[in-house]
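See below for the structure under consideration.
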Amino acid sequence: MQIQWYPGHMARARRLLQEQLRRVDAVIELCDARLPFSSRNPDLQALTRGKSRLLVLNKADLADEAATQGWLRRFAAEGQPAFAYNAARGRAQEAVRRIDAMTADKVARQAARGVRKTVRAMVVGVPNVGKSTFINRLNGTPVAQVADRPGVTRANRWVRVSPYLELLDTPGLLWPRLDDALAAQRLAWLGAIRDEVLDSEALAVSLLEALLATRPQAVLSRFRIDDAGLRGPSLLEAVCRGRGFLMGGGACDVARAASVVLDEFRAGRLGRITLEAAFPEKQGPHAGGTP
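Following UniProt numbering, the numbering of the sequence shown begins with 1 at its first residue and continues without gaps.
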């Protein structure tokens with residue numbers, strides 16, 4: 001399944017982001033802890049090179065904990081400051097402390113000149129990774145619009161979360177060509193690409209097939225499927241029978257089944273799952289592939 005999604009607002013947002021970079025002291029990049037490699041936009045990494053950068057593995061509560069620790073070790077070895085976080089429920093103080101540490105040298109230089117520095121940081125990442133939720137958590141009250149779907153934030157917006165810290169909320173950005181088909185598919189599984197531009201039934205089938213290869217019991221028990229050997233459209237039909245998604249005459253409502261499969265996976269109802277391993281040679285049952 002070929003997946004591409006780069007609407008016009010992303011191209012505009014990329015240009016505006018580039019213009020704002022000279023006004024910020026640091027960049028806070030959010031990725032999805034379930035997909036720490038493929039949910040990082042290579043364009044953003046190139047654009048923000050030279051800026052102090054903190055990587056936040058968000059939605060860590062939905063990812064395999066051991067796999068997340070592996071990714072943190074990998075990023076540390078690469079010299080990339082990173083930490084795991086749950087923007088929906090995490091402690092704001094932890095995130096602020098990390099930002100303070102990242103910008104401490106610049107603040108100290110300003111203090112030596114008698115200036116109390118207000119740190120300005122840009123929050124970036126792919127769609128639906130939780131940037132606005134992260135900003136709301138640090139602010140203490142909702143100021144950025146939040147929804148569990150991509151493309152909600154369409155424009156840059158500054159938010160002052162303390163007298164000495166301002167954050168720039170930016171639209172989620174993909175890159176123009178998703179040449180890595182597996183990475184694009186995984187991004188779609190996690191909701192980083194609008195479902196409306198996808199074949200949701202084919203997407204749900206591909207997800208079920210991948211999970212059956214690594215977490216079969218979670219799939220079988222959650223969706224009440226009896227046969228672990230099913231593949232293709234038969235999987236959605238089995239979900240329909242197991243969950244009772246039947247229409248008049250007993251026909252399977254496969255569209256509803258596909259929607260439920262994707263929604264429940266994204267919400268973590270199949271357990272804590274990481275889709276790619278930090279160290280492929282140590283690949284375990286938590287992972288569905290390699291970066």
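We put the beta carbon where it would ideally sit given N, CA and C, even for glycine.
As the structure is a prediction and not an experimental result, all values here were calculated from the model.
- At least 8 Å separates the beta-carbon of Leu17 from that of Glu29.
- With a cutoff of 8 Å on beta-carbon distance, Val261 and Leu182 are scored as not near each other.
- Of the residues Ser162, Asp226, Arg116, Arg40, the one whose Cα lies closest to the Cα of Ala82 is Arg40.
- The residues Asp25, Ala26, Ser52, Val119, in chain order, have a CB closer than 7 Å to that of Thr103 in the same chain once the five nearest residues on each side in sequence are set aside.
- Ala84 and Lys59 have their C-alpha atoms some 8 Å from each other.
- Asp180 and Leu187 have their C-alpha atoms spaced approximately 11 Å apart.
- Taking one beta carbon from each stretch, the segment 238 to 250 and the segment 190 to 199 have fewer than 3 pairs nearer than 8 Å; the two do not touch.
- If the five residues before and after Pro42 are omitted, its C-beta is found closer than 7 Å to the C-beta atoms of Trp175, all from its own chain and listed in chain order.
- Fully enclosed beta strand (DSSP E) runs of no fewer than 3 residues occupy 165 to 169 of the segment 158 to 205, in order along the chain.
- Taking a contact as a CB-CB distance under 8 Å, the pair Lys131 and Thr170 counts as one, their CB atoms being some 7 Å apart.
- Arg109 and Ala257 have their C-alpha atoms spaced approximately 57 Å apart.
- About 28 Å separates the CB atoms of Arg49 and Ala92; that is not less than 8 Å, and the two are not in contact.
- In chain order, Glu201, Val205, Val254 place their CB closer than 8 Å to the CB of Pro233, counting only its own chain and leaving out the 5 sequence neighbours on each side.
- When DSSP states are grouped into helix, strand and coil, Val119 belongs to the strand group.
- Annotated as distal: Ala101 and Leu62, with beta-carbon spacing of 8 Å or more.
- Collapsing the DSSP output to three states places Glu29 in a strand.
- Val56: member of the beta strand (DSSP E) spanning 52 to 58, first to last residue.
- Assignment of Leu275 by DSSP, reduced to helix, strand and coil, places it in the coil class.
- Residue environment analysis places Gln185 among the buried positions, since at least 16 neighbouring C-beta atoms fall within 10 angstroms of its C-beta.
- In this chain, Phe75 is not harboured by any beta strand (DSSP E); it is covered by the alpha helix (DSSP H) spanning 65 to 77.
- Restricting attention to Ala67, Val56, Arg22, the CA atom closest to the CA of Pro280 is found in Ala67.
- In this structure, Leu211 sits away from Ala228, with a CB-CB distance that is not shorter than 8 Å.
- Straight-line measurement puts the Cα of Gln69 at about 26 Å from the Cα of Asp263.
- For a cut-off of 8 Å, the C-beta gap from Leu167 to Ala13 is around 16 Å, too long to register as a contact.
- Counting only the Cα atoms, Val129 lies some 28 Å from Val239.
- The beta-carbon distance between Val143 and Ile135, rounded to whole angstroms, is 7 Å. This is short enough to meet the 8 Å contact definition.
- If you draw a 10 Å sphere on the C-beta of Asp64, you find 16 or more other C-beta atoms in it, and that means buried.
- Pairing Leu55 with Phe75 gives a Cβ-Cβ distance under 8 Å.
- Taking a 10 Å sphere around the C-beta of Thr141, we find fewer than 16 other C-beta atoms and assign the residue as exposed.
- Spatial neighbours of Pro163 in its own chain (CB-CB distance under 8 Å, excluding positions within 5 residues in sequence) are listed in chain order as Thr118.
- Leu35 is a Cβ neighbour of Glu276, given a cutoff of 8 Å.
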